[in-house]
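If you read the sequences in order, they're chains A and B. Using my numbering, the first residue of the first sequence is number 75, and each one after it goes up by one. Using my numbering, the first residue of the second sequence is number 75, and each one after it goes up by one. Each residue gets a CB set at the ideal place from its N, CA and C atoms; glycine is no exception. The structure under discussion appears below in the form of structure tokens.
Number of protein chains: 2
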Amino acid sequence: MTQPSHVPASTQGQDFPDGSSGRERLLIAASREFSEVGFSAASIATIALKAGVGKSTVFHHFASKDELYLAVINQAAQEFGQQLDAVLSVSQDPLQTLENFQARHLEHIERNAEIARLVLRELLEPGSERAVSLVRDVLSANFSRLSGFIAEAADRGLIRKDVEPASAALLMLSANVLFFQARQVLAHLPGFELADKPADWTGCVADIVFHGIEQS
Amino acid sequence: MTQPSHVPASTQGQDFPDGSSGRERLLIAASREFSEVGFSAASIATIALKAGVGKSTVFHHFASKDELYLAVINQAAQEFGQQLDAVLSVSQDPLQTLENFQARHLEHIERNAEIARLVLRELLEPGSERAVSLVRDVLSANFSRLSGFIAEAADRGLIRKDVEPASAALLMLSANVLFFQARQVLAHLPGFELADKPADWTGCVADIVFHGIEQS
DNA sequence: GTCTATAATTCGATAGAC
DNA sequence: GTCTATCGAATTATAGAC
């Protein structure tokens, strides 16, 4: 009388890609749930229900709730990693590359706004152990790609050697994070005209940072 | 049997400066309460109790809970405004001034960490009307001082004219905000060595931004 | 502090793919 | 037969009420 075990029972009116596996549906459902209610309020039972699988299936694919959470964010980070590789592999002048990076990065966090908010909420939490894994296991890979690019440009003599590549990278990221977090209110800062022009903002930041670190 | 009404009845074990007025004690108590539990969870009754005044006294000094909240943050902003004037009025090379500004600003938000966290929590809230008043009525004054300084340096021919002063100012602020928000986890970013060296971080940012916008 | 409800996690078994 | 995805039931941890 039971459904064949490899077929989803019911997916509670949520839509999922055709032919998606249980694991894929779980990642999607978890992403939605975590984004909507935050980590602690999210329940494994609800996620399993929405994904149309049994609760124990969750633990077959992910060792724990924490790991599921990391997997959700990791997926978004991987997607950005793809774009990042594309941006950094094109051989052009470093300013152009930094501009591209900055624009793609802001687009990415705005497209994944819910997850981005979730991550930021986590980082704000003082002393969060999850935040540490998040940075170390998930975000650091993409961060290294950017700072690695800057370091390489320094090796080629295009960039000052007395500035830590990681610091320059972090400065660029901070600009995007603030823009994303505070976009609605930035328009009320006197003299700031770019609140509704993300592309101009990313261009401006890349420009300042590049000229700030270029070899003169 | 009751205490004379113009003398604080009881201040619930909290300490306040000697001779402080009811209004002053209210600001202090409100600052603590808002910081601890956030805006919506804070209760006027509790704040009044802690300040040792009646609840109606609160509404004598502040028209609403919102206004009390803004007054709390405004006070911290005013204090920073004092320091800011001191930094900007010293006549020295702009790089030195920017470095000083950046260092004082980070010190200020770290000293007022609870309030800063409160403000940031507010800005994160999507579509918060309070966040708009906050930026327009409280934060914009100090922001204008910084961007005004940069604009002036541009007039003196020390700074590129093709960069909006407000954008450069915002970039500097974003660096401090991220550092403050994520300090605990930045140490786990590969290659970033300044997580426990705030002075080096502010110096580095000021340096990059200055060279990024200086007239070459 | 105990009691209880809720949520996280583990266990054992089944069904299908190769 | 082994391997993997699945489920239902049983077990533990946790948080709040009393």
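Burial state of residue i (16 or more Cβ within 10 Å)
i	result
H285/B	buried
H49/B	Given a span of 75 to 290 for chain B in the structure shown, any question on residue 49/B remains unanswerable.
H262/A	buried
Q255/A	buried
S214/B	buried
S241/A	buried
G112/A	exposed
G231/B	exposed
E153/B	exposed
Chain-order list of residues whose beta-carbon lies under 8 angstroms from that of residue i (same chain, five-residue window excluded)
i	result
V81/B	Its pLDDT being 44, under 50, V81/B is placed unreliably by the model, and nothing is read from it.
V146/B	L101, A104, S105, F108, I189
Test: residue i CB closer than 9 angstroms to a CB of chain A
i	result
H285/B	yes
S109/B	no
P264/B	yes
P272/B	no
P168/B	no
R191/B	yes
F217/B	yes
Short CB-CB distance (under 9 angstroms) between residue i and chain B
i	result
D281/A	yes
Q255/A	yes
S94/A	no
G201/A	yes
Q39/A	Here chain A comprises residues numbered 75 to 290, so residue 39/A is not present and cannot be evaluated.
R185/A	no
S165/A	no
Proximal residues to residue i (C-beta, below 7 angstroms), its chain only, five neighbours per side dropped
i	result
A273/A	A177
K139/B	I118
R257/A	A269
S202/B	E196
S79/B	Any reading at S79/B is ruled out, since the residue's pLDDT is 43, under 50, leaving its predicted position unreliable.
Residue i - DSSP class collapsed to helix/strand/coil
i	result
E181/B	helix
E141/B	helix
E153/A	helix
E288/B	strand
Beta-carbon gap between residue i and residue j smaller than 9 angstroms
i	j	result
I121/A	L142/A	yes
A151/B	V206/B	no
L244/B	L194/A	no
L172/B	A280/B	yes
L220/A	L162/A	yes
I282/A	I224/A	no
Proximity test, residue i beta-carbon vs the ligand COA heavy atom, cut-off 8 angstroms
i	result
D211/B	With respect to the ligand COA, the structure shown offers nothing to examine, as it has no ligands at all.
Proximal residues to residue i (C-beta, below 6 angstroms), its chain only, five neighbours per side dropped
i	result
F155/B	For clarity, residue 155/B is Gly in the given sequence; the question names Phe instead. Closer than 6 angstroms at Cβ, skipping near neighbours: N216.
L198/B	none
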